[in-house]
Every structure is written in C-alpha cells, then in structure tokens.
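**Q**
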Amino acid sequence: MMVIMTGCIDVPARLGESALSDGRLLGWAEWGPSDGTPVLLCPGAATSRWLGFGAGVVEALGVRLISVDRPGLGVSTPAPGRTFSDFAGDVRQLCVRRGLERPAVVGNSQGAPFALACAAEGVASALAVVSGADEVAMPQFASVLNADLRGLVERTACDPAGAEEFFAGFTADAMWDMVMAGSPACDLAVYQDPDFAAGYRRALDEGFAQGAAGYARDTVLAMGRWPFALDEIAVPVDIWYGEQDTSHSPDNGALLAARVPGARRHVVPGIGGALLWTHAEPILTRLLEKAVTGRQTRGS
C-alpha cells in the first residue's frame, strides 16, 4: 500500500455557495480538475469546507474533490432541528446544482454517519468511511465505552435537547485541545506539523464562525441511534480505520462493517485517526474503482 504523507492542506481551487430550494445556502470547496471524477467529502467534527485531503493525490487521480459545510458550520445557513435525511436531501440538491450526478462519497470522523445517510438514500455511487465516528449508542458497545463517553451517550438518549445545549458550549480551542489530548503519537506527528496545524485550525475557526449550534446538532445526531437502515445500503462501501485509532470506534469498525452488506473493512497499521491524510491515495484509488461499479450493482 503506497502512502503519501501530505505536509499541508492545499488551499481550495474553487470556493462557493449554492442556493437550495428553501433559500438556504450550502457552502462548498473544490480541489482537483473541474472536469474530474466527483468525490464528495463529509468532513469531521466542527470543521469547515476548508479541510480537504489528498494534496497532490486528487490531481494525479483526476478527482474533483468537493467538501461541504453542513448547515450551521462554515458558511452554510443554519437549519435548526435538521436530521440525517435533511442533510442527504441537501446533498442531492447540491449534486444537481453542481453537476455531480451521483458522486462517490467520503465520510471522515463525525462526517461518517452523514455520509452513510447519503448512501442509504441513494445519493452516493460508492462510499468510503474513513476513521468514522461509529454508532456508539448501539447496545453492543455500552459495556466497552469509557465512562465519559458513556455518560454523553446516555445524556443524549435521555435528554437530547439538553445534550445539544451542552455541546453548544464548545469552542474551536476546546475541539483542538480534545483532539490533541486524545491522539496517539503517530497522529500528533501529522496534526502538529506546522502547515497541517494551520490548515486544521483555520477549518475549526470557520466551523465555529456562526457559533457552536451546527456542531452541537451534528453531535446529538451522531451520538444518538441512527435512523437509517445500514442493511439496505446498496452501493459499495469500504470502511477504513487506523490500527491505533482509539477514539472513533470501539472495535475499529468491525460491527459497522458487518451491518453493511458487502462492506470491506481495512485496518491500517502504524496510524490512528489521521488515516485520511496519510493514506489518501489507496483510499481514493479503491473508491474510484468502486464508484464505477456502484452505479450498476452492489459491490463486495
């Protein structure tokens, strides 16, 4: 498996906002050739469209990478009370307006359940879940979650409005500190690289530009039970975790992969949650291969 470590996050080649049918705006950023194969990124927690990946790789593979601000993050208009299905509908509209047809989709960290929702609703032609936030509210995980996370999951289940209010107290600095404190040394070597750190901090600052309500809504949705049917996803799905990732899934995606028909799970040694930026080439290469078949049939 070839690894290309990006020492920085490329500045987007194109930035814009697309108007949706209800008048809201959805912000996006693009990298790579404008006539390339569309790959839509659902970025991680509290980050904006500016946090891309695969510097140099997207150009080499002919990928048109599109990162999207979820409502309330970055420049996208807030949508209080929004659901996973609402987001999939927003993406469906964006695909029409930007000429993306059914793009391949990448879901990173907290963006993973939103990407899975897109796959479940037929918006995606293929899906790569990379260091994905797992469905931690699954009963099978209750006994293995650490006490703090278990408490947040229980709070979200019992009092979602109160949990959302709690998460709305987070800041860009608090998110940065949480990621740095919870990451192994192999990830810190990526995150604390000065160029990468500058790009990541910019994405966090923009993610919180409208306040923390967008992040809070994302987190309540991600930490609750997911309402979409994973067993009905009918496009090829690859699930990627770094072997040293201890923060996104209690079992590095084993149960998640078993719940999605035909999903292929990859556990990569020597890295943790920074996998998207250290292994962009194999992730995108396999995704492009799957996207070709995903328009006709379910993959393996």
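For any residue, its number in the numbering used here is found by taking its place in the sequence shown, counting from 1, and adding 7. Think of the CB as a built atom: it goes at the ideal place given N, C-alpha and C, for glycine as much as any other residue.
Name the DSSP bridge partner or partners of VAL352?
**A** What is shown of the chain runs 8 to 307, which leaves residue 352 out entirely.
**Q** Between the Cα of PRO146 and those of PRO257, GLY23, ALA264, spot the shortest distance and give me the residue it belongs to.
**A** If you number the sequence shown from 1, residue 146 lands on position 139. With distances taken between Cα atoms, PRO146 lies closest to PRO257.
**Q** Under the rule that 16 or more other beta-carbon atoms within 10 Å means buried, what is VAL10, buried or exposed?
**A** For this step, residue 10 is matched to residue 3 along the sequence shown. Summary for VAL10: the model assigns pLDDT 44, below 50, so the residue's position carries little reliability; its value from the coordinates is reported in the next sentence. Exposed.
**Q** Taking only the alpha-carbon atoms, compute the straight-line gap between VAL112 and LEU58 and give it to the nearest angstrom.
**A** Taking the first residue of the sequence shown as 1, we reach residue 112 at position 105. Taking the first residue of the sequence shown as 1, we reach residue 58 at position 51. Computed Cα separation, rounded: 15 Å.
**Q** To which residues does DSSP link HIS245 through a beta bridge?
**A** Here residue 245 is taken as the residue at index 238 of the sequence shown, counted from 1. A quick correction: the sequence has Asp, not His, at residue 245. The partner list for ASP245 (beta bridge, DSSP) reads ALA135, ARG271.
**Q** Which partner residues of LEU237 appear in the DSSP bridge assignment?
**A** Counted from its first residue, the sequence shown places residue 237 at position 230. None; LEU237 has no bridge partner.
**Q** Under a three-way DSSP split, which group does ARG162 fall into?
**A** To locate residue 162, count along the sequence shown from 1; it is residue 155. If DSSP states are grouped into helix, strand and coil, ARG162 belongs with the helices.
**Q** Pick from ARG71, LEU72, LEU80: whose alpha carbon is nearest that of ALA179?
**A** Indexing the sequence shown from 1 puts residue 179 at position 172. Nearest C-alpha to ALA179: LEU80.
**Q** Can you tell me the Cα-Cα spacing of MET314 and ARG77, whole angstroms?
**A** Residue 314 is absent from the model: the chain starts at 8 and stops at 307.
**Q** Can you tell me the Cα-Cα spacing of TYR198 and SER254, whole angstroms?
**A** As a first step, residue 198 must be located in the sequence shown, where it is residue number 191. As a first step, residue 254 must be located in the sequence shown, where it is residue number 247. Approximately 15 Å between the Cα atoms of the pair.
**Q** Are the beta-carbon atoms of GLY249 and ILE278 separated by less than 7 Å?
**A** As a first step, residue 249 is located in the sequence shown; it is residue number 242 there, counting from the start. As a first step, residue 278 is located in the sequence shown; it is residue number 271 there, counting from the start. Yes; because the gap between Cβ atoms is below 7 Å, this pair is in contact.
**Q** Pair every Cβ in the segment 112 to 129 with every Cβ in the segment 233 to 241, then say whether three or more of these pairs are closer than 8 Å.
**A** Because the criterion of three Cβ pairs below 8 Å is met, the segment 112 to 129 and the segment 233 to 241 touch.
**Q** Name the two residues that bound the continuous beta strand (DSSP E) containing LEU283.
**A** Residue mapping note: residue 283 aligns to position 276 of the sequence shown, counting from 1. No beta strand (DSSP E) contains LEU283, which is instead part of the alpha helix (DSSP H) from 282 to 285.
**Q** Checking the sheet assignment: what are the DSSP bridge partners for PRO24?
**A** As a working mapping, residue 24 is identified with position 17 in the sequence shown. Note that residue 24 is Glu in the sequence shown here, rather than Pro. In DSSP, GLU24 forms a bridge with GLY34.
**Q** Distance check for THR44 and ASP97, CA to CA, integer angstroms please.
**A** Here the question's residue 97 lines up with position 90 in the sequence shown. Here the question's residue 44 lines up with position 37 in the sequence shown. So the alpha carbons of these two residues sit roughly 20 Å apart.
**Q** For ALA23 versus VAL65, is the C-beta spacing smaller than 7 Å?
**A** Mapped onto the sequence shown, residue 23 falls at position 16. Mapped onto the sequence shown, residue 65 falls at position 58. Here the sequence assigns Gly to residue 23, which means Ala is not the residue at that position. Not in contact: GLY23 and VAL65 (Cβ atoms no closer than 7 Å).
**Q** So who's on the other strand from SER116, going by DSSP bridges?
**A** As a first step, residue 116 must be located in the sequence shown, where it is residue number 109. BP columns for SER116 point to GLY139.
**Q** Is the CB-CB distance between ALA175 and ALA220 below 7 Å?
**A** Taking the sequence shown and counting its residues from 1, the one referred to as residue 175 is at position 168. Taking the sequence shown and counting its residues from 1, the one referred to as residue 220 is at position 213. In contact: ALA175 and ALA220 (Cβ atoms closer than 7 Å).
**Q** When you compare only the Cα positions, how much space is there between THR304 and LEU68?
**A** Within the sequence shown, the letter at position 297 stands for residue 304. Within the sequence shown, the letter at position 61 stands for residue 68. Per-residue confidence for THR304 stands at a pLDDT of 46, beneath the threshold of 50, marking its modelled position as unreliable; no derived number is given.
**Q** For ARG157, which three-state DSSP category applies?
**A** Position 150 of the sequence shown, counted from the first residue, corresponds to residue 157. Note: ARG157 maps to helix in three-state DSSP.
**Q** Return the chain-ordered list of same chain residues with a C-beta closer than 7 Å to the C-beta of VAL267, the five sequence neighbours on each side being excluded.
**A** What you label residue 267 is simply residue 260 of the sequence shown in a count that begins at 1. The answer, listed in chain order, is LEU237, ILE240, VAL244.
**Q** Would PHE108 be called buried (16 or more neighbouring beta carbons within 10 Å of its own) or exposed?
**A** As a first step, residue 108 must be located in the sequence shown, where it is residue number 101. Looking at the sequence shown, residue 108 is not Phe but Glu. Exposed: under 16 other Cβ atoms inside 10 Å.
**Q** Rounded to whole angstroms, what is the Cα-Cα separation between HIS273 and LEU282?
**A** Indexing the sequence shown from 1 puts residue 273 at position 266. Indexing the sequence shown from 1 puts residue 282 at position 275. Approximately 11 Å between the Cα atoms of the pair.
**Q** Excluding the five sequence neighbours on either side, which residues of its own chain have a C-beta within less than 7 Å of the C-beta of SER83, listed in chain order?
**A** Numbered from 1 along the sequence shown, position 76 holds the residue referred to as residue 83. Excluding residues within five positions, the ones whose Cβ falls inside 7 Å are LEU32, LEU33, GLY34, ASP76, ARG77.
**Q** For PRO87, name the three-state secondary structure that DSSP assigns.
**A** Against the sequence shown, residue 87 aligns to sequence position 80. Residue state, collapsed to three classes: coil.
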